[in-house]
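Keeping their order, the protein sequence lines are chains A and B. In terms of the numbering used here, the first sequence is residues -14 to 344. In terms of the numbering used here, the second sequence is residues 9 to 163. Take a look at the structure below.
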Amino acid sequence: MFADVLIILVKVVLTLMWTLLLALFLTWVERKESAVMQDRIGANRASVFGLRLFGLFQPFADAIKMLFKEDFAPSFAQRTLHWLAPTFSFFFVAVTMVAVPFGDTVRLFGRRIPLQVVDLNAALLFVLAMLSLGIYGILVSGWASSNRFALIGSLRGAAQLISYEVALGLSLVGLVMVFPSLSLARIVEFQGGLLFGVLPKWGIFLQPLGFVVFYLAGMAETKRVPFDMPEGESEIIGFYTEYGGLKFGLFMFTDFLEVIVLSALATTLFFGGWQVPWLGDGGFAFPWGAGIKVAPWGVTVLRVLSFNLKVLFFCWLQILTRWTYPRFRYDQVMDLGWKVLVPLGAVNILATGLVLAAR
Amino acid sequence: MINAWKVLREIARGAAITSRHFFVNMTFHTLRLFGVKTKRRGAVTIQYPEVRKELSPRHRSLHRLRPREDGRPSCVACMLCVTVCPSECITVEAAEDPDPEVQKAPTRFIVDLSRCCFCGFCVEACPVDAIRMDTGEIRLAATERSALERPLDKP
């Protein structure tokens, strides 16, 4: 009993560490990747004892700066809510990582430990619910600021997120029809098989349209640039106008957490999670007959590595998207959500149903 | 719906351009990191304080007074630069010059860099080619205002 609690605690701490460190790392990646894309160099001056490491200390310098700023709330703001809002939006995004499987099970001291904090049987619903609750962070921040522009920004954000929640939900229905489970661990296990004896049976090959809808709706959920209605720097300043210092930092951090959560979800649902193509428990078994034996610990390491690489790839892709496309106008965002993604999601469900019925 | 394909094509082209830049630049960054000599660099950035860009010979930088052969400034305190200066940043106080051919010389020649807009009119106006802006000194920041009032007649 005590050991179980301890294991869960360790897993929670490790997951949180992984998420927060990756988010911190992403703030650096964002600056560097955008710089390389634009033929620049990017932040490279932060140093510890003259050691620069390509500016890898920049996130820590930023964090220290934010920590030591004054914790300011305007006199007209509603203090409690003003303080709660960033916490809301941070918590509800961070907590989704609990349901994501990082790898297969490990055998340690005669126990089988799944590399996942909790294997919820309705994990998909849990994740969607938590992402929806994240809207409260935005709404409350706009309301508590007692600032009209912040309120407009937060209402825009809420409208956008609620619209795209529909498309996000619809895109996942097809996936649940193909892999009949709501548990993320089970969905990843289903993706271990082979399609036509050659391709790994990943969600992307079974649900290509579903993935497109999911990815676009997910990008809108992160409310970063092509879909940055709640911020709208050029027109309405956004829902965190009245925030500064650490509280503002928490909002910014939440954006990066959402990037990670979307990457982790895209990996888990559509790209086989921790599955490595053609890698079984005993080793690789290639479709052309060859095979390589891999020790059990090697399999575990490969699988965790595969999950991490896929997540990093999607983080990279999202940052590339963010620095490539200009932002949408508000009505264009709504058009894309309701007139394109929701019908596409419905078509995807219909097509999946037809294929499943015809089989 | 016909436009949808065009839109998608443009979206794909945009991503192709930015990712091409990313991968090409990353290749050059990586090659240089491992000491491989390459024709071009991964970035166009000049790391300013350590690396300096060669200034154009026509670049207008900090002013100087051209000295005569005996070391005194060649300014004759005619006040033309003071008159022409649009930011009114030049202060000249004239005194009699010991040389009867010259008649006047400045006792003080001060350029207020906090007002100067580096237009170069003073250089154009000077009849004896005394003031020039060719020192190449572009780091003119100071922590006090008084440090920005540069006396040019003192060497």
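Every residue, glycine too, gets a C-beta built ideally from N, C-alpha and C. Predicted model, so just to flag it, every value in this text is computed and none were measured.
With fewer than 16 other Cβ atoms inside 10 Å of its own Cβ, B:Tyr56 counts as exposed. Rounded to the nearest angstrom, the gap between the Cα atoms of A:Leu109 and A:Glu174 is 15 angstroms. In the assembly as shown, A:Pro193 is an exposed residue. Its beta-carbon has fewer than 16 other beta-carbons within 10 Å. For the alpha helix (DSSP H) assignment, the uninterrupted runs of no fewer than 4 residues enclosed by the region 81 to 144 of chain B are, from N- to C-terminal side, 88 to 92, 129 to 133.
Counting other Cβ atoms within 10 Å of its Cβ, B:Cys125 stays below 16 and is therefore classed as exposed. A:Gly188 and A:Leu290 do not touch by the CB rule: their CB atoms are close to 20 angstroms apart, not below 8 angstroms. In terms of Cα proximity to A:Trp128, the closest of A:Leu191, A:Leu155, A:Gly223 is A:Gly223.
Contact check for A:Ser139 against A:Pro215 passes: the beta carbons are separated by less than 8 angstroms. None of the residues of the region 118 to 150 of chain B has a beta carbon lying less than 7 angstroms from any beta carbon of chain A.
Taking CB atoms only, A:Val21 has a neighbour in chain B less than 8 angstroms away. Taking every protein chain shown into account, the CB of B:Phe30 has 16 or more other CB atoms within 10 angstroms, so this residue is buried.
For A:Tyr310, the nearest CB of chain B lies under 8 angstroms from its own CB, placing it at the interface with that chain. With a 10 Å radius around the Cβ and a threshold of 16 neighbouring Cβ atoms, A:Gly330 comes out buried. A straight-line Cα-Cα distance of about 38 angstroms links A:Phe61 and A:Gly154. Taking the Cβ atoms as the reference, A:Phe111 lies roughly 11 angstroms from A:Leu118, outside the contact range of under 8 angstroms.
At least 8 angstroms separates the CB of A:Arg314 from every CB of chain B.
In this structure, DSSP gives A:Ile(-7) a helical state, which the three-state scheme calls helix. Along the region 257 to 288 of chain A, the beta strand (DSSP E) occurs as fully enclosed runs of 3 or more residues at 268 to 270, 276 to 278, listed in sequence order. Looking from the CA of B:Pro135, the closest CA among B:Leu148, B:Thr91, B:Glu104, B:Asp107 belongs to B:Thr91. The beta carbons of B:Ser82 and B:Pro75 sit closer together than 8 angstroms. Shown here for B:Glu157: same chain residues with a beta carbon closer than 7 angstroms to its own, the five before and five after excluded, namely Ile118, Asp120 in chain order.
Listed by position along chain A, the residues whose Cβ is nearer than 9 angstroms to that of B:Thr53 are Ala20, Asp24, Arg25, Ile26, Gly27. Think of a sphere of 9 angstroms around the beta carbon of A:Leu305: the chain B residues whose beta carbon falls inside it are Ala23, Thr26, Ser27, Phe30, in chain order. Of the other Cβ atoms in all chains shown, 16 or more fall within 10 Å of the Cβ of A:Asn333; this residue is therefore buried.
Between the region 51 to 60 of chain A and the region 225 to 239 of chain A, the count of C-beta pairs closer than 8 angstroms reaches three or more; the two stretches touch. By the rule that beta-carbons nearer than 8 angstroms mark a contact, B:Gly79 does not touch chain A.
In the structure shown, A:Arg344 falls within a coil segment according to DSSP collapsed to helix, strand and coil. Judged by DSSP secondary structure, A:Arg97 falls outside any alpha helix (DSSP H) and instead within the beta strand (DSSP E) spanning 96 to 99. The residue from B:Ser122, B:Ile139, B:Glu132, B:Asp137 with its alpha-carbon nearest to that of B:Ala150 is B:Ser122.
Rounded to the nearest whole angstrom, the C-alpha separation of B:Thr53 and B:Lys45 is 18 angstroms.
Taking the Cα of B:His67 as reference, the smallest distance to any Cα among B:Asp161, B:Glu152, B:Ala155, B:Glu145 is reached at B:Glu145.
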